[in-house]
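Asker: So the protein sequences, as listed, match chains U and Y.
Note that the working numbering has the first sequence beginning at 234, numbered continuously upward.
Note that the working numbering has the second sequence beginning at 1223, numbered continuously upward.
Backbone N, C-alpha and C define an ideal beta-carbon position, used for all residues, glycine too.
The structure that follows is given in the form of structure tokens.
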Amino acid sequence: MRSLKPFGFAIVLATVSLVVAACGSNSSTSSTSSSAGAGTVGTSGFQSPLTEPETGGKRGGTLVILNEQDFEHLDPGDSYYDIDYEVVYATQRPLYSVKPDSAYEAVPDLAEGQPEISSDQKTITVHIKHGIHFSPPVDREVTSEDVAYAMERGANPNIENPYFHTYFESIEGAPKADGGPIMGIQTPNKYTIVFHLTEPKAAIVVDAMRLPLTAPVPKEYAEKFDKNKPSDYANYEVATGPYMLKNNAQGKVLGIGYVPGKSATLVRNPNWSSATDYRPAYLNEIQYKIGGTESVIGRQVLESADDVQNEPPVPSDVQLAAESHKSQLEISPGAGDHYIAVDNKVGPFSNIDLRKAFWAALDRKAMDKALGGELVTNVMTHFLYPTVPGFEQAGGLAGPKGPQFDFDEHPEGDMAVAEKYMKLAGYPTGKYTGTKTVQIVGATGNREPAAEIANQTLKNLGFPTKLTLVETATMYSKYCNVPKEEIEVCPTVGWAADFGDGQAVLDATFNGRLINPTNNENWSQTDVPKINAAMDAAESIVGIAARASAWAKIDDELVEDAAAIPYDYEKEASLEGSQVAGVGDLWNSGLWNLSFTSLK
Amino acid sequence: MTAYIVRRILWGIATLVIVCALTFLLFRVLPSANPAVLRAGRNPNPHAIANIEKVLGLNRPLTVQFWDYMKDVVLHFNLGYSFYSDEAVRTLIGERLPATLSLAVGAALLWIVGGLGVGIISGLRPGSWLDRSAMGTALVLVSAPEFWLGLVVLLLFAKDIGVVRIFPGAGSYVGLTSNPWNWFTSMLLPWFVLAAGSAAIFARLMRGGLIEAMGEDYIRTARAKGLRERKVVRQGVRSAINPITTLLALEVSALIGGAVLVETVFNIPGIGRLAYNAIVEGDFAVVQGAVLVAALFVVVANILVDIGYAYLDPRVRYS
């Protein structure tokens, strides 16, 4: 869910992204098929994280990354933004991590092997590797106590990790944790950490162990920084990964390896051993240049040798690259989705047939075209998106089939079907005759066309409407995230999960138990007891296939309920210089994996 | 004179306090992103948000927050700390001030010298091809938004992406002290873009004022008495320049606004870009500091212009 916090949204999902997957061989071909079996999702002819070679890179050199936006948090304890993750996963080693070509399958990183889960799913034991050391000035070997401290500090108010309570709440003592020892986290020896849960939720806790919060932090070094309000450990942080933020002898990073708003420099971590890691770490140094504007950055990268662009390029640059610099364009599928949230609780769309009428009438093809077309989008037909396990079982790109899904059948919109549902909703003429003005709040910027099309569709169905366009962050924080505002339609909300799992995609966004008075992300306020119960049951299921199947069924039910109106599966484009052998992370919207990227 | 200057300075300080208070209020009352919520991430519970508000000091009454802020500013010149990087705002601004000053001072010189020069030439030869082409160009420049003009000149002349690759492009800024020549060349395009609109306005005003002045009786008299044309023109220019001096103070505000855009397009690490990013991130402390510094520049510029006005026009008396 990382990318969906307001900033993430604004930058990641409110921009262009691209395509595809693949089973191809090397850099320039792909046809698609996500690890989850996305079928035909993709844009052929472009490299993607699924096709970029992860081995055989040339060692050495300096990569220059042009970042329009600054980082938010580089502390593994509160990092929660895809561009931050790019640095954090190059410098830190959480218990598990995901290889570039996978969207969901975590492999042991700091951990020695897969976690041991008790039969009642309430105890998780993880053994960590021997011989992993912190970077200077700490230098000592990492122990399980460092992992315990890292997780405990996530509940420290001075850090307040964004997902601690979402995924680790079931750890004994976690709900009341404040940064001190958590009863349910035990370290019986230097290389073993045990988690005791109050509920059988081992599956989601294990899934979340790939997040940066489980990357070790040396207590004796970090504690003094963590006492500051807020913690300034990030300005002195040490690394366990192949790279570290450049620092001085005292460990200070601020002003040396990271100058806010200007630059960041990653250098090799002298204490990192390739024998303990699956990452090749080809590059000697990585330099971030922060600032500028994406339209200029895109051109600079296309003309350069050693530069890459971090944010999604502007549509004109994507087009230019697709036509004239094909080998410098990466397109990554599974970068999230966008849909129209419609208030299921109050107002006209509490009537399921009106929701279905709106869905049927909407020209999703026109919307996707306005958002960049097939190069960067696929028409969305249901709520699990490509690369997430369960996507194929839920119908793949074509969507679920059957007469009960007739409103989903015509992506270009079908007024006859819409009329049918308007009549079922009690409007015999096929047009809405109520007096209630539908409040629509959308985001300004490149999502505006989607809001306009949604508005026009409602007008065509006879609804009086009032469309308000505001900044993305305001749209969420003041309107769409606040149920009492009673915004009937939020046409530009989107979601990108923390990791490829149905729960991470559907739970927060459609589980009735998670409707909050503020910061609500169940934007449609979907609260169907049957679906809530199915989600609760699915949370405890262990195993990728079984979970995929369970969440695919929930996806079907959400579509049948027309809980929201989907229109766009995101694909993300990235640009690289002519001499860069970039490797993107499928699980991180195609952003560059610095430990696999090399120079030609 | 001294009393007048002291009074203007006191008014200036009052203006800064009002600007501070308005900025403070604006970012807390109007719909914008709550930094505690932004920092809390997905599905934060109210407890987490309350904790962050406490850590950031956002849970205290607004009046207390403002009083503490002003106290720190006045007594220690402490502008607070960035919510994101925890860096002192004073340091952040201090690091960026040279870049913004480079940009603003260079652009101001360019627009004054260029704008007035073109205006004088046009004003002395109204209707000539030089006048027509200069005023035509001025019309184009005054109509061109800085952001657009910046992109155009980069795509035309930048060494890395331009059609005719002459000048260093975006991201090429280096400090004056580290490499004066590279600093100078890297600032040429940004100076031009930032100065273009104002220079065009100045040129048009100067031209109009000069044409009017050169038709006045005292100019005719001066010529009739055999004064050299150079001296006559000087009299005319002096007369025409007064209203433009007043405009100069107003243009300083426009300059700061334009600097935000130019710094963004050319990736110059200045205060404008710092402020823009802080607004986007809801980093109130940085926004507050940047606005205060910008307001300080405007106030100081206004005071200087007021004083300079009297120098240029002896008829003005301070009272």
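(1) For residue 1413/Y and residue 1386/Y, what's the separation of their Cα atoms in angstroms?
(2) Looking only at DSSP bridge pairs, what is residue 360/U linked to?
(3) For residue 261/U and chain Y, any beta-carbon pair shorter than 8 Å?
(4) If you follow the alpha helix (DSSP H) that residue 477/U is in, where does it begin and where does it stop?
(5) With a threshold of 7 Å on Cβ separation, who are the neighbours of residue 594/U within its own chain once the five nearest residues in sequence on each side are excluded?
(6) Taking residue 410/U and residue 435/U to be in contact with their CB atoms under 8 Å, please state how far apart those CB atoms are, rounded to whole angstroms.
(7) Give me whichever residues DSSP pairs with residue 1389/Y in a beta bridge.
(8) Along chain U, which residues have their Cβ under 8 Å away from the Cβ of residue 1324/Y?
(9) Give, in chain order, every residue of the stretch 525-554 of chain U whose Cβ lies closer than 9 Å to some Cβ of chain Y.
(10) Does residue 306/U pass the burial test, meaning 16 or more other C-beta atoms within 10 Å, or should it be called exposed?
(11) From this set, 1335/Y, 1358/Y, 1299/Y and 1513/Y, which residue's C-alpha is nearest residue 1244/Y's C-alpha?
(12) Does the beta carbon of residue 269/U come closer than 8 Å to any beta carbon on chain Y?
(13) So is residue 487/U in contact with chain Y if we call contact Cβ pairs under 8 Å?
(14) Considering residue 330/U, what are the terminal residues of the beta strand (DSSP E) in which it resides?
(15) Determine the chain Y residues that contact residue 391/U at a beta-carbon separation under 7 Å, and present them in chain order.
(16) Looking at the unbroken beta strand (DSSP E) that takes in residue 1344/Y, where does it start and where does it end?
(17) What's the C-alpha gap between residue 623/U and residue 785/U?
(18) Can you list, in chain order, the residues of its chain with a C-beta nearer than 6 Å to that of residue 203/U? Leave out the 5 residues immediately preceding and following it.
(19) Can you confirm whether residue 1230/Y, when its beta carbon is compared against all beta carbons of chain U, has any partner nearer than 8 Å?
(20) Flag this pair as yes or no: are the beta carbons of residue 596/U and residue 297/U separated by less than 8 Å?
(21) By a C-beta neighbour count over all protein chains shown, 10 Å radius and 16 as the cutoff for buried, is residue 637/U buried or exposed?
(22) Measuring alpha carbon to alpha carbon, tell me which residue in 573/U, 618/U, 632/U and 655/U is nearest residue 590/U.
(23) Which residues, taken in chain order from the stretch 556-570 of chain U, show a beta carbon closer than 8 Å to some beta carbon of chain Y?
(24) Return the residue from the list 1525/Y, 1522/Y and 1502/Y that minimises the CA-CA distance to residue 1257/Y.
(25) Applying the 10 Å Cβ sphere with the 16-neighbour rule, what's the burial state of residue 384/U?
(26) Going by CA-CA distance only, name the one from 1229/Y, 1383/Y, 1432/Y and 1480/Y that's closest to residue 1342/Y.
(27) Determine the chain U residues that contact residue 1481/Y at a beta-carbon separation under 7 Å, and present them in chain order.
(28) So residue 333/U and residue 630/U are in contact, right, with Cβ under 8 Å, and what is the actual spacing, rounded?
(29) The beta strand (DSSP E) with residue 334/U in it runs from where to where?
(30) Which bits of chain U does residue 1290/Y rub up against, with CB to CB less than 8 Å?
(31) Between residue 1424/Y and residue 1333/Y, how many whole angstroms is the CB-CB distance? I'm expecting something under 8 Å.
(32) Do residue 337/U and residue 743/U have their CB atoms nearer than 8 Å?
(33) Would the beta-carbon of residue 463/U fall within 8 Å of that of residue 1508/Y?
(34) Determine the burial state of residue 254/U: buried for a count of at least 16 other Cβ atoms within 10 Å of its Cβ, exposed for fewer.
(35) In the DSSP assignment, the beta strand (DSSP E) including residue 589/U goes from what residue to what residue?
(36) Using only the alpha-carbon positions, how far apart do residue 1443/Y and residue 1525/Y sit?
Answerer: On the basis of the coordinates in this document:
(1) 19 Å
(2) Partner(s): 425/U.
(3) Caution applies to residue 261/U, whose pLDDT of 31 falls short of 50 and renders its modelled position unreliable; the value that the coordinates give is listed next. So, not an interface residue.
(4) Segment 476-478 is the beta strand (DSSP E) holding residue 477/U; no alpha helix (DSSP H) there.
(5) Cβ within range, chain order: 646, 648, 651, 690, 693 and 694.
(6) Contact flag wrong, Cβ pair sits at about 19 Å.
(7) 1380/Y
(8) Chain U residues near residue 1324/Y: none, gap ~15 Å exceeds 8 Å.
(9) Of all residues in the stretch 525-554 of chain U, those with a C-beta nearer than 9 Å to a C-beta of chain Y are 525, 526, 528, 529, 530, 532, 533, 535, 536 and 537, reading in chain order.
(10) buried
(11) 1513/Y
(12) Since pLDDT at residue 269/U reaches only 33, below the 50 mark, its modelled position is unreliable, and the value read off the structure follows with that caveat. So, not an interface residue.
(13) At a cut-off of 8 Å, the C-beta of residue 487/U has a neighbouring C-beta in chain Y.
(14) Segment 329-331, the beta strand (DSSP E) holding residue 330/U.
(15) 1277
(16) Counting along the chain, residue 1344/Y falls outside any beta strand (DSSP E), though it belongs to the alpha helix (DSSP H) covering 1311-1346.
(17) 5 Å
(18) For chain U, the structure presents residues 234 to 833; residue 203/U sits outside this window and is missing.
(19) no
(20) no
(21) By the 10 Å Cβ count, residue 637/U comes out exposed.
(22) Of the candidates 573/U, 618/U, 632/U and 655/U, the residue whose Cα lies closest to the Cα of residue 590/U is 655/U.
(23) none
(24) 1502/Y
(25) Residue 384/U is buried by the Cβ-count criterion.
(26) That would be 1432/Y, whose Cα lies nearest to the Cα of residue 1342/Y.
(27) Result: empty, since nearest Cβ-Cβ is about 14 Å, beyond 7 Å.
(28) Taking 8 Å as the upper bound for CB-CB distance, residue 333/U and residue 630/U are not in contact here, some 23 Å apart.
(29) Careful: residue 334/U lies outside any beta strand (DSSP E) and carries neither H nor E.
(30) Simply none; closest approach about 14 Å.
(31) 6 Å
(32) no
(33) no
(34) Because the pLDDT at residue 254/U is just 28, under 50, the model does not fix this residue reliably, and the value given afterwards should be weighed accordingly. Counting Cβ neighbours within 10 Å, residue 254/U comes out buried, since at least 16 surround it.
(35) Residue range 585-594 is occupied by the alpha helix (DSSP H) that includes residue 589/U, with no beta strand (DSSP E) assigned at that position.
(36) 36 Å
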